[in-house]
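Undergrad: 6 is the number of the first residue of the sequence shown in the working numbering; add one for each residue after it.
Cβ coordinates follow ideal geometry from the N, Cα and C atoms, glycine included.
Keep in mind that this is a model prediction, so the values were computed, not measured.
If you scroll down you'll find the structure; I have some questions about it.
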Amino acid sequence: MRVDGIVGPITAKALGLDPKVVNPLLDPALVWFDAAWRLKGLKEAPGAADNPAILQWASDQGIPYKGDDVPWCGLFVAHCIGSTLTEEPLPNSPLSARSWLKFGAPTTGQPGAVAVFWRGKPAGWQGHVAFYVGEDAEAYHVLGGNQSNAVSVARILKSRILGFRWPGTVPPGSGKAAKLSKTGKLNDTEQ
């Protein structure tokens, strides 16, 4: 058995976990998603100051980054994946949300999947990247960085999705969408 930090079926059984009853939002196999949840609530520093934790994420991943006034949704995803799945290749330009469309492998909306959205115009260069949490009839609920200047869960219209991606070094997820109730306003700026 190779140590990879992922709780697969054999490890889950050894830990006494029944994979049939694991809450997909708390699945111990989704180590990157767990790392993201632990950061929920972290905020940018106000004014000209920078949050040192956000700057450290960039330093840890070797990503040139000047300050938290620069969009950091891609940096958040890079930190969560890069710090937990050390063998997983990150996109060449992880700060660019749309570069995550080349990450890992295509998948469906399921807890832990990387969700990439357009911002501005569907064919433009701007975007937003976060982790799929669930969905209601009109929106995806995503856990991401730089959502209202913090790590938070936001609702984004389904019509804005460009694609879902799954880490290539991790066995495919359940493929099952998590149905959630419609709570909170729609986020259309991700800032």
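If distances are taken between C-alpha atoms only, which option among Lys187, Arg160, Leu44 comes closest to histidine 133?
TA: Nearest option by C-alpha distance: Arg160.
Undergrad: Evaluate the contact criterion for the stretch 114 to 128 versus the stretch 56 to 74: three or more CB pairs, one atom per stretch, below 8 Å.
TA: Verdict: no, contact absent.
Undergrad: Let me make sure I understand the geometry here. Which of Gln115, Leu47, Trp62 has the alpha-carbon closest to that of lysine 181?
TA: It is Gln115.
Undergrad: Please list the terminal residues of the continuous beta strand (DSSP E) segment that includes glutamine 152.
TA: Segment 144 to 152, the beta strand (DSSP E) holding glutamine 152.
Undergrad: Can you find the residues in the same chain that come closer than 6 Å, C-beta to C-beta, to glutamate 92, ignoring five residues on each side of it along the sequence?
TA: Taken in chain order, the residues that qualify are Thr174.
Undergrad: May I ask you to verify whether the stretch 87 to 101 touches the stretch 139 to 151, counting CB pairs closer than 8 Å and requiring at least 3?
TA: With the cut-off at 8 Å, the stretch 87 to 101 and the stretch 139 to 151 do not touch.
Undergrad: Do you know how far the Cα of tyrosine 70 is from the Cα of tryptophan 62?
TA: Answer to the nearest angstrom: the Cα atoms are 9 Å apart.
Undergrad: How would you write the range of the beta strand (DSSP E) that isoleucine 68 sits in, first residue to last?
TA: Neither: isoleucine 68 is in no beta strand (DSSP E) and is coded neither H nor E.
Undergrad: Cutting at 6 Å between CB atoms, please list the residues of its own chain near glutamine 131, excluding the five before and the five after it.
TA: Arg124, Gly125, listed in sequence order.
Undergrad: In the DSSP assignment, the beta strand (DSSP E) including arginine 103 goes from what residue to what residue?
TA: Premise fails: arginine 103 is in no beta strand (DSSP E) and is neither H nor E.
Undergrad: For leucine 106 versus leucine 167, is the C-beta distance shorter than 8 Å?
TA: Cβ atoms of leucine 106 and leucine 167: closer than 8 Å.
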